[in-house]
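Have a look at the structure below before the remarks.
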Amino acid sequence: MTEDIISKFADAEILLDEDAYHKIRNYDDSSILVDSLINHLTISSPEMMVLTGELVEEYLGKSCDKEINEEGAQSKLLPRDFDFDVIQDTSHKSYTNGEIKDLSSYFKSRYHKLKEMLSHKRELTDANSVKEATSLDDVVKIVGMVNEIRNTKNNHKLIELEDETGSATVLIHNENHEVFEQAERIVKDEVLGVVGGRKGSLIMASELINPGVPRIDEKSMNFGAVFLSDTHIGSSTFLEEAFQRFINWVNGDFGDEEQREIANNVKYIVVAGDIVDGIGVYPSQDKELTIKDIHQQYEEAARLFGDISDVKIIIAPGNHDASRLAEPQPAITEDYAKDLYDLKTTEFVSNPALVSLDGIKVLIYHGRSFDDMAMTVKGMSHQQSDLIMKELLEKRHLAPIYGERTPLASEIEDHLVIDDIPDVFHTGHVHINSYKRYKGIHLINSGTFQSQTEFQKIYNIVPTCAQVPVINNGSLKMLDFS
Ligand code: D5M
Ligand code: FE
Ligand code: ZN
């Protein structure tokens, strides 16, 4: 091998310094690295004569191990430079098995994270504790977690707000139209700021303050990112032919000239959960499955996604995937999805997760909490998940309501708080596409590749099938594979 390394580089008219030689020799798969490096260097720096250890290091840092492979070296002259980073992933940060034990540290974490955000708001500087507020006569400013929401006989709203010092009842008068309208979107367990005046035992709200999001600047983007979710592979309603057209398109073998040009620009595919249909997710599900074994469902997913090369595929779990149900859901594990893991293109992250695609921050969340939001908040529905996404961003929490349909793990830290503002907020679950730009953030719901199920018929959920959103150089393109 020693001779081999030197002579291969010599043949390519590249000299190695000692450091470079040792780095290559000590690499696990050195012969593959040699081919890949020679390929890279002859194209990117044809005039280069000496390869230093530093350059080898740089090359290894840029191209992840997965790309330095025989296939890559043969079929692609130059492996793509993926600047992919996982900014937040909870897969290895879970300290519980998701069962309810001690909820107090979970809620404390939620309260403190969101209070910290709220305390930077101009309206809430020098906020009072709830206990202090009950004895103040002037303006009252408090930050608390919503414990209860009620309507009075005269249709005003009463909110029970709690912090570590006590709880206060806040009244929102229905003649205060703007504030009242905002109050209709308040949900249990969110953390909220209130400015008002004390009247007896009540606080009369004049302002409600969400942690909120600032308007973000648009970042330049010279690549395409595809957003998928809810393929439900293994289900008898999985639209395999449409999905095959999608795969063909990614590979440049389907679509008109403009569509092929977009495909050529695609660097990343993000899958926001429910990649397979799973098993035992709902009663008698097996009647609606063509693949009744979850390992085989992931094998089939690997067969389909396996046709894609030179694109990074980032996969997060949903409520149908092989992960615990309680959120945050750790990444789908290798035991279940071996073949999918074995693909050189795939990366697995938790639900939720924050990733960076060449500097573009994407917040991935499956969207289970949308069921709760649609059920609880007037005017919200599965059809308009963009309204829900906007509200969750304002509340800076992905699943504020505790104890309804979204199971939340009682972790020490609340990982569903939206700590960081993303450039793209990508969700799924509702099986209905939506797209909006909100304060500069792309809000995307990526629809589905599953036609209407029996369950959805009962609930009158009409899915948008095989419509794939792509952010191409910063603007949305919707592609139809139906
Ligand atoms: O969800 C598929 C669709 O069904 C999606 O529109 C959400 C809706 N759904 C799923 N579970 C519920 C519950 N429990 N209540 C209301 N609506 C629901 P999927 O996760 O793919 O099964
Ligand atoms: Fe789904
Ligand atoms: Zn789902």
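The opening position of the sequence shown corresponds to residue 23 in the working numbering, with each subsequent residue numbered one higher. Built from N, CA and C at the ideal position, the CB exists for glycine as well.
To the nearest angstrom, report how far apart residue i and residue j are at their CA atoms.
i: ILE164; j: PRO233; result: 13 Å
i: GLY340; j: HIS451; result: 8 Å
i: GLY469; j: ARG47; result: 48 Å
i: VAL377; j: TYR43; result: 34 Å
i: SER53; j: LYS30; result: 10 Å
i: VAL209; j: LEU82; result: 48 Å
i: GLY274; j: ALA285; result: 6 Å
i: VAL298; j: ILE493; result: 24 Å
i: MET500; j: LEU193; result: 45 Å
i: TYR387; j: GLU79; result: 34 Å
i: GLN351; j: SER372; result: 6 Å
i: PHE260; j: HIS317; result: 17 Å
i: THR505; j: GLY381; result: The question about residue 505 has no answer here: the residues shown for the chain are numbered 23 through 504.
i: HIS419; j: ILE466; result: 17 Å
i: LEU38; j: HIS62; result: 15 Å
i: GLY295; j: VAL161; result: 46 Å
i: ASP445; j: ALA227; result: 33 Å
i: ASP509; j: SER141; result: Any answer about residue 509 is impossible in this case: the structure gives the chain only from 23 up to 504.
i: ALA375; j: ASP33; result: 46 Å
i: LEU347; j: PRO429; result: 7 Å
i: ARG325; j: ASP107; result: 26 Å
i: ASP394; j: LEU414; result: 12 Å
i: GLN406; j: LYS45; result: 54 Å
i: THR355; j: ILE231; result: 40 Å
i: GLY401; j: ASP502; result: 28 Å
i: ASP442; j: ILE27; result: 46 Å
i: ILE410; j: ALA396; result: 8 Å
i: HIS168; j: TRP271; result: Here residue 168 is Val; the residue named in the question, His, does not match the sequence. Those two C-alpha atoms are separated by around 48 Å.
i: ASP159; j: ILE181; result: 20 Å
i: ILE225; j: SER189; result: 11 Å
i: ASP239; j: PHE249; result: 21 Å
i: LEU99; j: ILE65; result: For LEU99, the pLDDT reaches just 41, beneath the cut-off of 50, and the residue's location in the model is therefore unreliable, although a value from the coordinates is still provided. Approximately 8 Å, taken between the alpha carbons.
In the DSSP assignment, what are the bridge partners of residue i?
i: ALA227; result: GLY218
i: LYS378; result: According to the sequence as given, residue 378 is Ser; it is not Lys. Paired residues: ASP107 and LYS383.
i: LYS179; result: ASN173 and ILE194
i: ALA247; result: TYR290 and ILE493
i: VAL162; result: GLY218
i: ALA338; result: ALA294
i: LYS499; result: VAL492
i: ILE466; result: HIS448 and TYR457
i: GLY188; result: ASP185
i: PHE370; result: ILE337
i: GLU349; result: LEU430
i: MET167; result: GLU184 and VAL213
Can you tell me whether residue i is buried or exposed? The criterion is at least 16 other CB atoms within 10 Å of its CB, across all chains shown.
i: LEU379; result: buried
i: SER97; result: Interpretation of SER97 is limited by its pLDDT of 38, a score under 50 that renders its predicted location unreliable; no figure is taken from the coordinates.
i: PHE477; result: exposed
i: VAL72; result: exposed
i: GLU263; result: exposed
i: VAL333; result: buried
i: GLU40; result: exposed
i: ASP408; result: buried
i: ILE90; result: Summary for ILE90: the model assigns pLDDT 47, below 50, so the residue's position carries little reliability; its value from the coordinates is reported in the next sentence. Flag for ILE90 reads buried.
i: LYS314; result: exposed
i: GLY302; result: exposed
i: ARG144; result: exposed
i: GLU212; result: buried
i: SER251; result: buried
i: SER345; result: buried
i: CYS487; result: buried
i: TYR304; result: exposed
Answer yes or no: does any C-beta atom of chain B fall closer than 9 Å to that of residue i?
i: LYS179; result: Chain labels in this structure do not include chain B; a single protein chain is all it has.
* Nearest-residue set for the ligand FE, Cβ under 5 Å from any heavy atom -> ASP252 and ASP296
* **Cβ pair count under 8 Å reaching 3, the region 144-159 against the region 199-206** => no
* Is the number of C-beta pairs between the region 123-139 and the region 426-436 that are closer than 8 Å three or more? -> yes
* So does the region 438-458 actually touch the region 267-282, counting three or more Cβ pairs closer than 8 Å? -> no
* Asked: Is the region 174-183 in contact with the region 360-369, if contact means three or more CB pairs nearer than 8 Å?
  -> no
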